[in-house]
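Just below is one structure, and these are the notes that go with it.
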Amino acid sequence: MTELLQFIITGLALGIVYALIALGFVVVWKSSGVANLALGQLVLISAWFTYSMLAQAQLPVWLGLPLVIIFALFLGWVIERIILRPLIAQPILSLITVTLGLGYFLQGLVGIIWPMSLAAMPPLFPKTPVRIGTAVVSQEYLWAAIISLVLFGLLTLYFRYNRMGIAMRAAADDQKAVQACGIPVTRIFSRSWMFACVLAAVGGVLISSIGNITVGLTHTGLQAFSVVILGGLDSLPGAIIAGPIIGLSETIGAGYLTPLTWPGIREVIPFIIIIIVMFARPYGLFGEERIERI
Amino acid sequence: MLRLNNIEVAYLGVIRVLHGVSLSVPEGTIVALLGANGGGKSTTLKAISGLLRVEEGEVTDGSIEWNGERIDRKSGEEIGKLGIIQALEGRHVFEHLNTEENLLVGAFNNPNRGLVKHDLEMVYDYFPRLKTLRASTAGYLSGGEQQMLVIGRAMMARPKLMMLDEPSLGLAPLMVKEIYDIIHRFNAEQKTSVLLVEQNVRIALSIAHYGYVMENGHIVLDGTVDFLKNNEDIKEFYMGLSAVGTKRSYREVKHYKRRKRWL
Numbered sequence: 001m002t003e004l005l006q007f008i009i010t011g012l013a014l015g016i017v018y019a020l021i022a023l024g025f026v027v028v029w030k031s032s033g034v035a036n037l038a039l040g041q042l043v044l045i046s047a048w049f050t051y052s053m054l055a056q057a058q059l060p061v062w063l064g065l066p067l068v069i070i071f072a073l074f075l076g077w078v079i080e081r082i083i084l085r086p087l088i089a090q091p092i093l094s095l096i097t098v099t100l101g102l103g104y105f106l107q108g109l110v111g112i113i114w115p116m117s118l119a120a121m122p123p124l125f126p127k128t129p130v131r132i133g134t135a136v137v138s139q140e141y142l143w144a145a146i147i148s149l150v151l152f153g154l155l156t157l158y159f160r161y162n163r164m165g166i167a168m169r170a171a172a173d174d175q176k177a178v179q180a181c182g183i184p185v186t187r188i189f190s191r192s193w194m195f196a197c198v199l200a201a202v203g204g205v206l207i208s209s210i211g212n213i214t215v216g217l218t219h220t221g222l223q224a225f226s227v228v229i230l231g232g233l234d235s236l237p238g239a240i241i242a243g244p245i246i247g248l249s250e251t252i253g254a255g256y257l258t259p260l261t262w263p264g265i266r267e268v269i270p271f272i273i274i275i276i277v278m279f280a281r282p283y284g285l286f287g288e289e290r291i292e293r294i
Numbered sequence: 295m296l297r298l299n300n301i302e303v304a305y306l307g308v309i310r311v312l313h314g315v316s317l318s319v320p321e322g323t324i325v326a327l328l329g330a331n332g333g334g335k336s337t338t339l340k341a342i343s344g345l346l347r348v349e350e351g352e353v354t355d356g357s358i359e360w361n362g363e364r365i366d367r368k369s370g371e372e373i374g375k376l377g378i379i380q381a382l383e384g385r386h387v388f389e390h391l392n393t394e395e396n397l398l399v400g401a402f403n404n405p406n407r408g409l410v411k412h413d414l415e416m417v418y419d420y421f422p423r424l425k426t427l428r429a430s431t432a433g434y435l436s437g438g439e440q441q442m443l444v445i446g447r448a449m450m451a452r453p454k455l456m457m458l459d460e461p462s463l464g465l466a467p468l469m470v471k472e473i474y475d476i477i478h479r480f481n482a483e484q485k486t487s488v489l490l491v492e493q494n495v496r497i498a499l500s501i502a503h504y505g506y507v508m509e510n511g512h513i514v515l516d517g518t519v520d521f522l523k524n525n526e527d528i529k530e531f532y533m534g535l536s537a538v539g540t541k542r543s544y545r546e547v548k549h550y551k552r553r554k555r556w557l
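Chains as they are written, first to last, in the working numbering: chain A, 1 to 294; chain B, 295 to 557.
Set out below in structure tokens:
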């Protein structure tokens with residue numbers, strides 16, 4: 001029982017972080033229709049950058065983390081401006097392929113700049129484990145969940161009340177009409193990539209403070225894809241609900257099935273769930289159905 | 295004052311759809327651009343609003359001037375900021391946003407929250423129906439309500455020139471009348487110029503001050519509303535009226551005259 005509770009808590013926490021990274025995907029997809037396949041590599045590079053700031057440059061946390069955010073904003077801006085903007089109005093497949101290329105490029109870059117394949121993130125949160133009921137959970141999980149939830153809240157408010165946020169949602173519906181209102185859509189694309197990078201960076205910091213910094217962090221990107229596909233490509237609430245499902249299936253499935261089957265099952269379970277859900281709801285659990293008046 | 299001087303427009307550099315169109319919209323007036331399908335009316339509007347470029351179209355000759363300033367090389371956003379706002383044909387509402395959010399998108403370039411609030415009330419005053427629907431998802435509104443929303447959204451941008459592309463398209467006659475009354479009132483009260491593209495000639499001429507008739511990328515006829523209303527060709531080919539009071543045998547109507555050839 002204790003074991004199960006432990007799995008549930010860590011699964012939920014991990015899932016919420018996955019959902020956070022997945023939100024970055026959804027934001028880009030919704031505003032510009034581009035599938036960002038470089039998600040995992042964005043997580044990876046931001047984690048290593050954080051490591052450089054905090055461990056190598058020995059900056060204090062209050063200075064280092066804002067620098068990470070600024071780095072992520074800048075990265076998002078550069079990616080949109082240099083890689084995606086020249087491809088506007090090109091076939092959507094080239095746009096998606098270019099993000100795949102971007103992913104490999106970033107991964108190579110990480111290999112060059114940070115040749116060590118493993119590093120430990122300097123501790124950001126208190127190390128003493130917390131007791132919840134009978135389970136003992138390390139604090140990183142709880143902080144990860146809390147920080148992600150706060151960011152969800154902020155993003156939701158942004159998309160509901162900020163005029164740029166509303167315009168981003170409008171662009172998801174009808175780009176041409178947004179332009180007819182005199183709104184620069186390129187600014188919307190740029191903003192969405194900056195969001196995606198910041199969310200990936202925050203996710204990367206949280207995940208790597210739970211585990212370590214390795215190339216395995218790109219796997220987080222895959223998990224985020226699972227979240228997105230499960231929740232629906234264009235649904236923010238979908239990502240938030242699908243995240244914990246993926247997280248739970250990962251920890252509980254791994255916890256109980258690994259002894260019975262084989263060690264790699266942990267990575268496979270989310271995808272099995274996705275395939276089953278896809279049979280029933282091809283647009284994901286919460287994907288927007290097209291509104292069509294007849 | 296908007297002035298088009300002999301503009302030519304080509305899509306993809308080769309397909310020429312406008313062959314030297316000139317027209318002007320004096321300040322505070324309603325100008326109607328009439329004609330059948332495929333005449334180049336919508337293309338003319340897109341050339342003005344700068345949306346042509348998105349569709350790989352280009353103004354290849356002539357000039358478009360807004361208050362003496364050339365705007366045919368400007369981007370859609372710049373033109374929008376000058377106060378030239380186009381409401382696209384076919385009710386392009388943002389389906390998943392609610393009514394009020396749709397209107398707020400229209401006010402994007404207005405950073406003054408107080409003014410936006412004031413404009414919102416103004417739009418609700420013109421379209422009381424939108425006020426009762428303010429929290430409804432726009433995709434589920436009726437066709438007439440969506441058309442109202444699109445016009446209201448254009449109003450939110452504080453336009454100096456509002457361009458409406460077939461606001462009567464696919465609407466019930468009563469709804470068309472209601473919308474046109476509101477456009478008329480808006481023009482009279484706010485002194486906003488309106489450039490109106492319409493196939494429904496009768497309703498367009500009921501509120502316009504001046505009209506142009508377009509066919510195959512040419513302006514073939516223009517004049518004040520009274521002139522157009524009394525023009526025999528307009529009456530016969532666009533309003534479905536023929537010489538009143540005279541009974542004519544079907545045999546007398548020469549079949550080749552049933553379609554007007556302008557050139």
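Where is the CB? At the ideal position from N, CA and C, for every residue including glycine.
Span of the alpha helix (DSSP H), counted from its first residue to its last, around residue i
| i | result |
| --- | --- |
| A/Trp77 | 61-78 |
| B/Tyr474 | 467-484 |
| B/Glu372 | 370-375 |
| A/Thr97 | 92-113 |
| B/Leu382 | It is not in any alpha helix (DSSP H) - B/Leu382 carries neither H nor E in the DSSP assignment. |
| A/Ala47 | 39-51 |
| A/Gly231 | 218-231 |
| A/Lys280 | Note on identity: in this sequence residue 280 of chain A is Ala, with Lys being the wrong assignment. Counting along the chain, the alpha helix (DSSP H) containing A/Ala280 begins and ends at 265-280. |
Sub-8 Å separation of residue i and residue j beta-carbons
| i | j | result |
| --- | --- | --- |
| A/Leu67 | A/Asn212 | no |
| A/Gly284 | A/Gly238 | yes |
| B/Glu383 | B/Leu463 | yes |
| B/Val446 | B/Leu424 | The sequence as given places Gly at residue 446 of chain B; Val does not occur at that position. Yes, they are a contact pair. |
| A/Ala180 | B/Ser343 | yes |
| B/His386 | A/Asp174 | yes |
| B/Phe480 | A/Ala177 | no |
| A/Leu296 | A/Leu42 | Only positions 1 to 294 of chain A appear in the structure, and residue 296 of chain A is not among them; the question remains open. |
| B/Glu352 | B/Val311 | no |
| A/Arg85 | A/Thr186 | yes |
| B/Leu499 | B/Val519 | yes |
| A/Asn36 | A/Phe49 | no |
| A/Val27 | A/Leu206 | no |
| A/Ala72 | A/Ile240 | no |
| A/Leu12 | A/Leu248 | yes |
| B/Lys454 | B/Ile358 | no |
| A/Gln223 | A/Ile246 | yes |
| A/Ser226 | A/Ile276 | no |
Of the residues the options, the one placed nearest residue i, counting alpha carbons only
| i | options | result |
| --- | --- | --- |
| B/His390 | A/Ile112, A/Leu154, A/Ala167, A/Ser52 | A/Ala167 |
| B/Ala466 | B/Arg479, B/Gln441, B/Gly446 | B/Gln441 |
| B/Gly333 | B/Val507, B/Glu349, B/Val308, B/Leu376 | B/Val507 |
| B/Gly307 | B/Ser336, B/Asp413, B/Leu346 | B/Leu346 |
| A/Leu54 | A/Thr128, A/Ile88, A/Leu124, A/Ala145 | A/Leu124 |
| A/Val150 | A/Ser138, A/Ile132, A/Val137, A/Gly203 | A/Gly203 |
| B/Thr486 | B/Met449, B/Asn299, B/Ser318 | B/Met449 |
| B/Gln380 | B/Glu359, B/Ala429, B/Tyr420, B/Arg452 | B/Arg452 |
| A/Ala170 | B/Leu339, B/Tyr418, B/Glu472, B/Thr393 | B/Thr393 |
| B/Glu472 | B/Leu298, B/Gly438, B/Asn404 | B/Gly438 |
| A/Val137 | A/Ala280, A/Ile273, A/Ile276, A/Leu4 | A/Leu4 |
| A/Thr134 | A/Ile9, A/Tyr158, A/Leu260 | A/Ile9 |
| B/Lys340 | A/Val268, A/Leu63, A/Ile272, A/Gly182 | A/Gly182 |
| A/Arg81 | A/Trp193, A/Ser46, A/Leu142, A/Phe152 | A/Trp193 |
| B/Phe521 | B/Lys368, B/Tyr504, B/Glu350 | B/Tyr504 |
| B/Gly362 | B/Asn404, B/Glu509, B/Gly370, B/Leu376 | B/Leu376 |
Endpoints, beta strand (DSSP E) assigned at residue i
| i | result |
| --- | --- |
| A/Gly243 | Counting along the chain, A/Gly243 falls outside any beta strand (DSSP E), though it belongs to the alpha helix (DSSP H) covering 236-257. |
| A/Gly211 | Neither: A/Gly211 is in no beta strand (DSSP E) and is coded neither H nor E. |
| A/Gly11 | Note, A/Gly11: premise wrong, no beta strand (DSSP E); alpha helix (DSSP H) at 2-32. |
| B/Leu489 | 487-492 |
| B/Gly351 | 351-360 |
| B/Val348 | It is not in any beta strand (DSSP E) - B/Val348 carries neither H nor E in the DSSP assignment. |
| A/Ala135 | 135-137 |
| A/Arg131 | 130-132 |
CB contact check: residue i to chain D, cutoff 8 Å
| i | result |
| --- | --- |
| B/Val303 | Structure shown: chain D not included; protein chains present are A and B. |
Original post:
Mind listing which residues of the stretch 163-184 of chain A have their C-beta closer than 9 Å to chain B's C-betas, in chain order?
Top reply: Arg163, Met164, Ile166, Ala167, Arg169, Ala170, Ala171, Ala172, Asp173, Asp174, Gln175, Lys176, Ala177, Val178, Gln179, Ala180, Cys181, Gly182, Ile183, Pro184
Original post:
Of all the residues that make up the stretch 383-408 of chain B, which are near chain A by a beta-carbon distance shorter than 8 Å?
Top reply: His386, Val387, Phe388, Glu389, His390, Leu391, Glu395, Asn396, Leu398, Val399, Gly400, Ala401, Phe402, Asn403
**OP:** Please go through the stretch 399-471 of chain B and give each complete beta strand (DSSP E) segment of 3 or more residues, from N-terminal end onward.
**Re:** 455-459
Subject >> Whole runs of the alpha helix (DSSP H) within the stretch 501-533 of chain B, excluding any shorter than 4 residues >> reply: 519-524
**OP:** Only counting runs of 3 or more residues, tell me where the beta strand (DSSP E) segments fall wholly within the stretch 162-209 of chain A, in order along the chain.
**Re:** none
Subject >> Every unbroken beta strand (DSSP E) within the stretch 306-346 of chain B, with a cutoff of 3 residues, ordered by chain >> reply: 309-319, 324-328
Original post:
Residues in the stretch 340-361 of chain B with C-beta within 7 Å of chain A's C-beta atoms, listed in sequence order?
Top reply: Ser343, Leu345, Val348
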